[in-house]
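*Asks:* Supplied in structure tokens, the structure appears directly below.
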């Protein structure tokens with residue numbers, strides 16, 4: 242069985258109540274829930290939360306909330322892997338045989354179902370523990386600059402200062418939308434990035450929402466990207 246696990250704690254700081262704040266006409270988390278359900282990939286779509294209001298809204302949009310996330314796993318410093326490991330353990334305790342567990346973050350209104358499917362196929366065709374979307378950095382990281390206190394600029398890697406960008410190895414970063422993982426990987430606490438395979442997606446589709454400025458930008462981009470998706 243395949244399960245989607247959406248981790249959504251109540252105490253977000255940079256954007257208060259981020260996970261249920263209205264975005265494009267519905268609570269933010271509803272976008273993740275509806276995408277997971279529409280994909281047809283999951284027998285169960287779960288929300289892991291410590292917050293009663295998030296629980297109620299998640300159920301309203303069709304997600305299951307069969308357990309409450311412990312307070313020890315709901316603070317500002319809790320990593321993703323232990324949260325999903327707890328959810329996988331709870332699923333197993335209910336007698337479910339979990340084949341793959343997909344962590345889908347709640348703030349992903351730009352998530353595409355085809356990416357969920359392609360990433361699962363990538364995981365199944367590999368021996369990796371995880372699979373997740375990645376995108377290329379817009380500039381060569383080897384030519385990154387630091388700004389000194391007096392305003393002067395200094396290369397992080399002076400040896401690449403005169404190297405043409407096209408001659409440098411491309412670098413990628415995690416898009417931060419979802420992670421497919423094998424249950425034993427989650428339960429053993431295995432690190433995602435050093436044990437995963439990456440699914441490249443275009444960087445214009447990688448929209449992270451962590452700050453109020455990110456939120457405003459996402460609201461402006463949403464109708465444009467949605468129109469582009471439907472017209473593709």
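Numbering (our numbering), first residue to last: 242 to 473.
C-beta: ideal position from N, C-alpha, C; glycine also.
Spatial neighbours of residue 229 within its chain, please: C-beta separation below 8 Å, excluding the five flanking residues on both sides.
*Replies:* Outside the displayed range of the chain (242 to 473) lies residue 229, so it cannot be described from this structure.
*Asks:* Can you name the start and end residues of the beta strand (DSSP E) that residue 245 belongs to?
*Replies:* From DSSP, the beta strand (DSSP E) with residue 245 extends over 243 to 248.
*Asks:* Going by DSSP, name the residue or residues bridged to residue 401.
*Replies:* According to DSSP, residue 401 bridges with nothing at all.
*Asks:* Per DSSP, what kind of secondary structure is residue 267 in: helix, strand or coil?
*Replies:* Looking at residue 267 - three-state DSSP - the assignment turns out to be strand.
*Asks:* Can you tell me whether residue 441 is helix, strand or coil according to DSSP?
*Replies:* In the structure shown, residue 441 sits in a strand (DSSP, three-state: E or B).
*Asks:* Per DSSP, what are the beta-bridge partners of residue 283 in this structure?
*Replies:* Partner(s): none; residue 283 has no beta bridge.
*Asks:* Using 8 Å for Cβ pairs, my map puts residue 262 next to residue 315. What's the rounded Cβ distance?
*Replies:* The pair is not a contact, with the Cβ atoms about 18 Å apart (cut-off 8 Å).
*Asks:* Looking at C-alpha atoms only, which residue of 292, 372, 443, 381 is the closest neighbour of residue 270?
*Replies:* Cα-wise, what sits closest to residue 270 is 292.
*Asks:* Might you give, ordered along the chain, the residues of its own chain that have their beta carbon closer than 6 Å to the beta carbon of residue 430, omitting 5 neighbours on each side?
*Replies:* Around residue 430: 322.
*Asks:* Excluding five sequence neighbours on each side, which residues of the same chain lie with their C-beta closer than 7 Å to the C-beta of residue 401?
*Replies:* Result list for residue 401: 383, 384, 409, in chain order.
*Asks:* Please report the distance separating the alpha-carbon of residue 460 from that of residue 378.
*Replies:* Roughly 23 Å separates the two Cα atoms.
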